[in-house]
Amino acid sequence: MKIRKVYIDTRAGDDPVTGQICSRLGLAAGHVDHPRQLYKEISQSADPENAGKSVLLLTRNKGPFIRNCPGTTHYTCCGYKILHIGTYCSMDCAYCILQAYYHPPVLQFFTNHDRLYKELDDFFARRNIGRIGTGEFTDSLIWEKIYPIAEQLVDRFSRQDTAILELKTKTSAVDHLLDLDHNRKTILAWSLNTDSVIKNQERGTASLDARIEAAEKGQAYGYPLAFHFDPMILYPGCRQEYAGVVDRLFARINPSNIAWISVGSFRFMPELKEVVARRFPGSKIIYHEFIRAMDGKMRYFKPLRIEMYRGIIGRIREKAPDALVYFCMEDTEVWKKTLGYSPESFGGLARMLDQRAADMCELSAHLQSR
Amino acid sequence: MQAEQRVTEIETDSIILEDTCYRFTEQGNIEAFAESIRGAGLINPPVVQRRQENFRVVTGFRRTAACMYLKWRRMPCRVLAGDTDFLYCLKIAIADNALTRELNLGEKSGIVGKLQAVCDGPHSISALLESLGLFIAPPLVEKLSRVAVMPDSVRLGVACNYISLNVALALESAARDSAEAVAGLFADLRPTVNQQQEIFSGLNDLAGIKGLSISALLKKKYFSDILLCRDLDRGRKLKLFRLELYRRRYPALSRAEAEFYRRRQNLELEEGMELKPPANFEDTEYTIILKFSSEQQLSRQAEILHEICRHPDLKAIISREIEDTKSLY
């Protein structure tokens, strides 16, 4: 993370987290009465999406810290919960939806942790199984150099048995977490892709080997693991290359340590296309047989997705027959044609994953009927 | 400084019509205009600026061209001194044109393009134009200034209204030769505004998929065979071109559609019965529409529905297995 300038929302100025981050960064901070001022400045730059990666705004989260994953209509959602610690990412993936999701996208870190932990305690007290992740609106582990939020959350989750924390990342920066007493309540998760996608579309991320090596370290220290083949991207030779990723993963990771593997294909709001074309002129990912899907997002024509999924799932099944594989945002037809069943026959996807979390992470809370 | 009010007769040969420093209008039909001048005379003489021994036109390009067409040896003009300020001349040219007729987008773009050199930004240009009786809001000035630096073929397309302003702006992202190729295509096929968007977007995507420029793509045999065919009229060419573009842009989807239509044909639905697929085959729900005007017709349709429920082609339609998707990646 290369922060060029720090801004402090005046309302966050007295938060202890703000002080700690400023002293750690050693940069003179500017103060803004309202983030709008900063948003305007970033919006006017030639490459706002890039400008937002070098400016950090320390501010308060005015909405809920724990929120339901926005999901999408018409497709099966996994009932995930997001712990909203901050926004945007210092890495630079061509397909990143955050480029079009925020106007403009800015690195923001929320400092009102008193309320964050209050919301978490309230959630734990309800005694319903939860899968909570910090890697939806940002990468879970990019913040550690300026504030050890993941470290603190691992500790907090280790002292309850209701929910699991999923730290989802494209980095390999897990060393500081290894010695923690995680009590198997934190799942270390990696987004995986082929070498060529990582090289050409994921600027500033760890290599595939580095990610798998980091996962192997987590495995050695007893962390449950998860992997996300999302977004899968169609290109000549991709079928063999994704199979190769599966082979390399299972050469080093024991399937019994994997909580789940998700699979999803590249999909995007139509607005993202212009951003990718402008910011990544060499990228071809927006040029394929995309159709406007039921939720308004652009997706590969369904038979192409199904064929791609069959390839990778077949390989995963060969290596890890019992792994829990699920789709992020696909419909029943895709489930049945690739996995041979629909999640409804097991009480729904959320319940399947909750059950898995309960078994794998020794949770003793209630399984909710959803 | 003001324009010389006195009209002077000058040698027509001394007017350099090719000097387009102050030109932003189209030539139009000179013959018809010349006939009008032959009949009624030159009512409003052009304004010219002295350039050493010759003159350049400030306003009145068509009038001058018409007089040349009529082979007038001398013609009446108002003459500006050689050192007359560029902006002043431009103001005369704008005011003279803006007050006589509605200027098209290409002409407005030409004006904005020339004013960019002497004005500071869209708001300044908009204010100056307003003082001359031409109202162009700053956001449109900004767009027109972008069109002003585009290839002549694109500007001509905007001026002649066969390229929409939005499509012209989208062409900014294409290489110059590709923008010119698209402008040439639109000049030839004259698609509607929606069709322009569809064609440009399809060509842009297909070029991205193939790793070619749009201009190279348009030279491919599958397109050039249509575009260069002399036996096809413009409407037919446009239809075939769009169809071919769609097939190339969406190969799997168009195969699925063709397969659906083939199998639907086999169902032998009667008149008034329609089977519609879900949009892009993304959803799994198909729609049957029945139109009837008598109980007998509805009964007959019910019988057919009963029959097609067991039809292998309906089963194939619903199962939606499409072969040969692997070849696409």
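Keeping their order, the protein sequence lines are chains A and B.
Under the working numbering, think of the first position of the first sequence as 504, with each following residue one higher.
Under the working numbering, think of the first position of the second sequence as 88, with each following residue one higher.
The C-beta atom is built at its ideal place from N, Cα and C for all residues, glycine as well.
This structure is a prediction, so every number in the text was calculated from the model and none was measured.
Less than 8 Å between the C-beta atoms of residue i and residue j, yes or no?
i	j	result
E153/B	I181/B	It should be pointed out that residue 153/B corresponds to Ala in this sequence rather than to Glu. Contact: no.
T637/A	L670/A	yes
D318/B	M797/A	no
L177/B	R150/B	no
G147/B	P163/B	no
L290/B	L252/B	no
L737/A	I756/A	no
E705/A	C831/A	no
L619/A	L559/A	no
T590/A	F660/A	no
I715/A	K688/A	no
F287/B	A257/B	yes
E361/B	I376/B	yes
V166/B	I97/B	yes
T672/A	W646/A	no
V241/B	I250/B	yes
Which residues does DSSP list as the beta-bridge partners of residue i?
i	result
A532/A	V509/A
T579/A	E833/A
A729/A	A692/A, W763/A
A666/A	G633/A
N141/B	R138/B
S768/A	M735/A
K556/A	Bridge partners of K556/A: none, in fact.
R802/A	R770/A, I794/A
K584/A	N571/A, I635/A
H869/A	N631/A
E98/B	R161/B
T483/A	This structure gives no information on residue 483/A, because the portion of chain A shown stretches from 504 to 873.
So what does DSSP say about residue i, is it helix, strand or coil?
i	result
Y542/A	helix
S675/A	coil
D189/B	Checking the sequence shown, residue 189/B turns out to be Glu, not Asp. If DSSP states are grouped into helix, strand and coil, E189/B belongs with coil.
A762/A	strand
P442/B	This structure leaves residue 442/B out entirely; chain B is present only between 88 and 416.
T279/B	coil
D658/A	helix
E792/A	coil
F613/A	strand
E361/B	strand
E471/A	It is not possible to answer for residue 471/A, since the shown part of chain A is limited to 504 through 873.
D684/A	coil
G649/A	Per the sequence presented here, residue 649/A reads as Ile, with Gly not at that position. In the structure shown, I649/A sits in coil (DSSP, three-state: anything other than H, G, I, E or B).
I181/B	helix
G589/A	strand
I376/B	strand
D172/B	coil
L561/A	strand
E705/A	strand
V236/B	coil
I103/B	strand
D642/A	coil
D595/A	strand
V828/A	strand
M88/B	With a pLDDT of only 45 at M88/B, under the threshold of 50, the placement of this residue in the model should not be trusted; the figure read from the coordinates follows. In this structure, M88/B counts as coil in the three-state DSSP scheme.
T112/B	coil
T371/B	coil
Give the interface partners of residue i over in chain C, defined as CB-CB distance under 7 Å, in chain order.
i	result
D292/B	In the structure shown, chain C cannot be found, because the protein chains are A and B.
Inset, instruction - Please name the residues in the region 252 to 272 of chain B whose beta-carbon is closer than 8 Å to at least one beta-carbon of chain A, in chain order. - result: S260
Inset, instruction - Identify each residue in the region 338 to 355 of chain B for which the Cβ-Cβ distance to at least one residue of chain A is less than 8 Å, and report them in chain order. - result: P338, A339, L340, A343
Legend entry - Residues in the region 227 to 248 of chain B having any Cβ partner in chain A nearer than 8 Å: none
Inset, instruction - Indicate whether the contact test is met: 3 or more Cβ pairs, each with one atom in the region 193 to 208 of chain B and one in the region 237 to 251 of chain B, closer than 8 Å. - result: yes
Legend entry - Stretch pair the region 586 to 594 of chain A + the region 610 to 623 of chain A: three plus CB contacts closer than 8 Å: yes
Inset, instruction - Assess, as a yes-or-no matter, whether the region 338 to 352 of chain B is touched by the region 749 to 766 of chain A under the definition of 3 or more beta carbon pairs within less than 8 Å. - result: Output reads no: the region 338 to 352 of chain B does not touch the region 749 to 766 of chain A.
Legend entry - Cβ-based contacts, 9 Å cut-off: residues of the region 360 to 375 of chain B near chain A: P365, A366, N367, F368, E369, D370, T371
Inset, instruction - Decide if the region 528 to 537 of chain A is in contact with the region 507 to 517 of chain A; the criterion is three or more beta carbon pairs, one per stretch, under 8 Å apart. - result: yes
Inset, instruction - Give, in chain order, every residue of the region 817 to 828 of chain A whose Cβ lies closer than 7 Å to some Cβ of chain B. - result: none
Inset, instruction - Report the residues of the region 279 to 308 of chain B with a CB closer than 7 Å to any CB of chain A, ordered along the chain. - result: D292, G295, I296
Inset, instruction - Assess, as a yes-or-no matter, whether the region 838 to 848 of chain A is touched by the region 739 to 751 of chain A under the definition of 3 or more beta carbon pairs within less than 8 Å. - result: no
Inset, instruction - State whether the region 221 to 239 of chain B contacts the region 200 to 212 of chain B, with contact taken as three or more CB pairs (one from each stretch) at a distance under 8 Å. - result: Segments in contact, yes.
Inset, instruction - Please determine if the region 770 to 786 of chain A and the region 547 to 563 of chain A are in contact, where contact requires at least 3 C-beta pairs separated by less than 8 Å. - result: They touch, by the three-pair rule.
Legend entry - Cβ pair count under 8 Å reaching 3, the region 852 to 863 of chain A against the region 569 to 581 of chain A: The answer is yes - the region 569 to 581 of chain A touches the region 852 to 863 of chain A, with three or more Cβ pairs under 8 Å.
Inset, instruction - Please name the residues in the region 740 to 760 of chain A whose beta-carbon is closer than 9 Å to at least one beta-carbon of chain B, in chain order. - result: Answer in chain order: G740, C741, R742.
Legend entry - Interface residues of the region 515 to 543 of chain A facing chain B [CB-CB below 7 Å]: none
Inset, instruction - Please list the residues of the region 795 to 806 of chain A that have a C-beta atom closer than 8 Å to any C-beta atom in chain B, keeping them in chain order. - result: R795, A796, M797, R802, F804, K805, P806
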